[in-house]
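These notes are about the structure you will find just below.
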Amino acid sequence: MKLLFDFTVDKAAQKVFITREFDAPQHLVWEAFTNAALLDQWTAPAPFTARTKYMNFEVGGKRFYAMVSPDGTEMWALQTYTSITPITNFKMFNAFADKDENPQLPGSAWDYTFSEQEGITKVIITIYNESLERMERMIAMGFKEGFMATINQLENLLGTLKK
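Position one of the sequence shown corresponds to residue 4 (this note's numbering), numbered consecutively onward.
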């Protein structure tokens with residue numbers, strides 16, 4: 004089965020548009036995007052790992068986590084949830100941070116929409132970067148390749164959760 008994957012960068016709008024389908028029910032895909040224990044299993048491209056220090060998935064709540072390199076170097080990010088419509092949409096503001104939770108602005112606003120049709124869940128992600136320079140730096144750092152790697156890890160995780 005061929006599942007949709009589209010990754011488009013619109014520099015003029017300072018946005019990245021990602022659409023990805025998963026062969027899994029919507030409630031499982033939603034859980035994988037909103038549960039810290041599951042997020043830690045797929046949100047860092049191997050050989051990096053993700054480690055959530057804390058997560059409070061509610062409007063105004065935050066996830067503070069690190070991507071940890073094989074040598075133990077931590078790269079922190081702080082996400083603040085700005086809107087949640089259970090199982091269909093959530094929005095958050097994402098910024099890199101230091102280990103003491105001080106955000107490194109500018110950041111980016113992420114909008115996730117989930118829908119299911121005939122057992123296939125579609126996730127549409129729109130990322131608005133507050134500055135073109137930040138977006139270009141993310142792209143240059145390999146954001147697309149890293150994101151694609153994490154999405155493949157998510158697909159494998161969903162396969163085990165469906166059983």
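Backbone N, C-alpha and C define an ideal beta-carbon position, used for all residues, glycine too.
Run through DSSP, which three-state label would residue i get?
| i | result |
| --- | --- |
| residue 92 | strand |
| residue 81 | strand |
| residue 163 | helix |
| residue 155 | helix |
| residue 32 | helix |
| residue 44 | helix |
| residue 69 | strand |
| residue 76 | coil |
| residue 53 | strand |
Look at the Cβ atom of residue i, then the Cβ atom of residue j, and state whether they are nearer than 8 Å.
| i | j | result |
| --- | --- | --- |
| residue 81 | residue 106 | yes |
| residue 58 | residue 39 | yes |
| residue 112 | residue 94 | yes |
| residue 85 | residue 62 | yes |
| residue 33 | residue 117 | yes |
| residue 28 | residue 158 | no |
Just the Cα atoms here: how many angstroms apart are residue i and residue j?
| i | j | result |
| --- | --- | --- |
| residue 47 | residue 41 | 12 Å |
| residue 15 | residue 166 | 43 Å |
| residue 20 | residue 128 | 6 Å |
| residue 75 | residue 121 | 42 Å |
| residue 53 | residue 24 | 23 Å |
| residue 130 | residue 150 | 13 Å |
| residue 89 | residue 72 | 33 Å |
| residue 22 | residue 67 | 25 Å |
| residue 132 | residue 5 | 30 Å |
| residue 78 | residue 26 | 31 Å |
| residue 101 | residue 153 | 22 Å |
| residue 156 | residue 8 | 14 Å |
| residue 18 | residue 60 | 24 Å |
Hey, is residue i's beta-carbon within less than 8 Å of any beta-carbon in chain B?
| i | result |
| --- | --- |
| residue 120 | Here chain B cannot be found, since the structure has a single protein chain. |
So what does residue i bridge to, in DSSP terms?
| i | result |
| --- | --- |
| residue 5 | For residue 5, which the question treats as bridged, DSSP gives no partner whatsoever. |
| residue 97 | 82 and 111 |
| residue 24 | 125 |
| residue 106 | 100 |
3 or more residues per run - each beta strand (DSSP E) lying fully within the segment 122–152:
123–132
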